[in-house]
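According to my numbering, the sequence shown holds residues 622 to 1117 in order.
Ideal Cβ placement from N, Cα and C applies to all residues, glycine included.
Okay, structure first, notes after.
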Amino acid sequence: MSELRWHPFLEQWVITATHRQDRTFLPPADYCPLCPTRPGGFPTEVPEPTYDIVVFENKFPSLQAAPPEPAVAATSLSPVEPAKGVCEVVVYSPRHEDALASMPLERIQHLARVWKDRYLELGARDFVRYVFIFENRGEAVGVTLHHPHGQIYAFPFIPPLIEKELAATRRFHAENGRCLMCASLAEEIRDGRRIVLEGERFVAWVPFHARWPYEVTLASRAHQISMEEWNAADMEDLAAVLKGLLQKYDALFAKPFPYIMVVHQAPTDGEDHRHAHLHFDFYTPQRAPDRLKFLAGVESGAGNFINDKLAEESAAELRRVGPASVAAVRAADEAGRERAPAGIGSGTGHDPAAPRAASSMADVLRTLFGPGSTAVTAFAPGRVNLIGEHTDYNEGFVLPMAIEDGIEMAARSRAGREIRAHAVDLGETVAFSLEQPIRPDPTHPWSNYVRGVLWALGRAGVALGGMDLAFGGTLPRGAGLSSSAALQVATALAAR
Ligand SMILES: [Zn+2]
Ligand SMILES: [Zn+2]
Ligand SMILES: [Zn+2]
């Protein structure tokens, strides 16, 4: 059941949507409806063994092309309309563990083409007045489905917040003869304090008037009213700025960052919207590593946001972490592409018996923790699964193989019972004592692989002493190359 109920005090529609989930077959516990359907496996929403990017209609839509008649009768005070519209799901990747921040730039460019295509196709339907493209990411914003995906709502009206923004830009344009977003971006670039990342064509910044902590606006330098104007070079640059920004978000608290990403652009109602300027807005409730912002009394009841982060500070924090520039994002992407074919099937794997080159990680130990006992180094390769994704824990066939890239770790013993570990790629150090029970550290998730191995060795009766550890490597994290397993193996080897 879904219908539009008019809110006469706020003069806006409320979408009422209640859906019962009628499933004939109970899916397995780890079932993901957005994963490809494996041969012989439980059918998902995508009946293909693999795919690139998939768009399909939401199974439980708030808006429908052929909506049911409203369940209640309207009165003059309380108008009710059928909830006509379209709700689509955009699945970014066949890989369950993927994320926009770790995808190759080419895939993100492809996604931009898909967005543009959906904007044009849905916008051309006569009842669609606004195509709203967005993504909710993370449990903090209510996401239970972790497979990387976004959504599209094709509205039969212009949603109220967007209408308000459009009214302001229309007024500014009429009074000043120029675009409010163009003027605002020019001022931000002149000022510089709130800029986060600059591409040739797109810029990401924390707006002066940010309502949310770490709120970011991403817009084109050129005045573009909608995705219709995007060309290949636009989408290439957009992909790099978008990926760089999301990498910064993830690096901020060293964990996947929850966010809401929305696209604001020209409505598709046939009116003149030359004053509109396409932009992405990013909102996040994450205001500190372990604290969320909630929309409480003043926000929900008065409509005013209280932001306890200064925009200038948020921007400075975001500039400090993750890729330093869009060029760095491109270079990392380039390196990833060159490594992949060389590592797979080139037949020049490491001979485990061969001595490894002098360890740069041992140098890191000396620089970071000062002189100490001689360090030993351990190397654990990453792996690709030629066959085995999701079949490995279902007792199916697997065919993994090691690749040249991996994690290198240097370790040395030290007096006492303290463990100090440094992640070179993240620039983070943790310290903990073997005197206390080893507990997970939610603020440095990478360190839990080290902690877990030492905990298990301790339980198995291995005598452990104080250690300094430093590790780094060429494996991208979260890319399905088992960087975490390599870190665990390297830790176990080093502890030996
Ligand atoms: Zn999945
Ligand atoms: Zn503009
Ligand atoms: Zn906006």
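Is residue i near ligand 3, in the sense that its beta carbon is under 7 Å from a heavy atom of that ligand?
i	result
H885	yes
H900	yes
E786	yes
What number of angstroms, rounded off, separates the C-alpha of residue i from the C-alpha of residue j?
i	j	result
L726	A949	12 Å
A1106	K876	18 Å
W1067	V1005	20 Å
G1073	I1059	8 Å
G813	S847	26 Å
D1046	Y904	27 Å
L631	V985	60 Å
D911	L1078	30 Å
G1037	L1055	9 Å
A1001	F753	45 Å
F585	D1026	Past the edges of the chain, shown from 622 to 1117, lies residue 585, and the structure says nothing about it.
S1034	K930	42 Å
R626	R758	28 Å
G993	M1088	10 Å
A1111	A953	24 Å
P944	S697	56 Å
R746	Y740	10 Å
A932	E756	23 Å
R716	W1076	31 Å
S623	P691	7 Å
G763	G1017	33 Å
F793	S981	57 Å
G964	A720	The pLDDT assigned to G964 is 32, lower than 50, so where the model puts this residue is not dependable, and the model offers no usable value.
A975	A1081	Note that A975 scores 35 on pLDDT, short of 50, meaning its location in the model is unreliable and no value can be drawn from it.
C803	A1052	48 Å
R811	N1015	57 Å
Y713	V667	13 Å
N797	H894	16 Å
A825	I881	15 Å
G891	R799	21 Å
G966	G1101	Unreliable placement is indicated for G966, whose pLDDT of 30 sits below 50; the coordinate value is still reported in the next sentence. Approximately 17 Å between the Cα atoms of the pair.
Indicate whether residue i and residue j have their beta-carbon atoms separated by less than 8 Å.
i	j	result
P888	I779	yes
Q685	M856	no
V827	R842	no
L839	L806	no
C708	Y774	yes
P761	P879	Residue 761 is actually Ala in this sequence, not Pro. Taking 8 Å as the Cβ cut-off, A761 and P879 qualify as a contacting pair.
F663	Y672	no
R791	H896	yes
G957	P1097	yes
T998	A1031	yes
A936	L859	no
H898	H830	no
L939	I1028	no
L655	L766	yes
V817	K737	no
V635	I674	no
L789	L801	Per the sequence presented here, residue 789 reads as Ala, with Leu not at that position. Contact: yes.
A1115	L1090	yes
R951	A861	yes
D902	V919	no
G820	V947	yes
A1023	V942	no
Examine ligand 2 and report whether any of its heavy atoms sits within less than 7 Å of the Cβ of residue i.
i	result
H731	no
C708	no
M802	yes
H794	no
H1011	no
H844	yes
Quick one: is residue i near chain C, going by C-beta distance under 8 Å?
i	result
R716	Absence of chain C from the displayed structure is noted, only one protein chain being present.
Legend entry - Under 5 Å, CB to nearest heavy atom of ligand 1: contacting residues: Cβ-based neighbours of ligand 1 within the cut-off: C653, L655, C656, H717, H768.
Inset, instruction - With a floor of 3 residues, list each beta strand (DSSP E) that falls wholly inside the region 821–888, ordered by position along the chain. - result: 823–826, 837–841, 880–885
Inset, instruction - For the region 1028–1070, list the beta strand (DSSP E) runs that are entirely contained and at least 3 residues long, ordered along the chain. - result: 1039–1044, 1049–1054
Legend entry - Uninterrupted beta strand (DSSP E) stretches inside the region 705–791 (no shorter than 3 residues): Taking only runs of at least 3 residues, the beta strand (DSSP E) segments lying wholly in the region 705–791 are 707–712, 751–758, 770–776.
Legend entry - 3 or more residues per run - each beta strand (DSSP E) lying fully within the region 881–932: 900–904, 907–909
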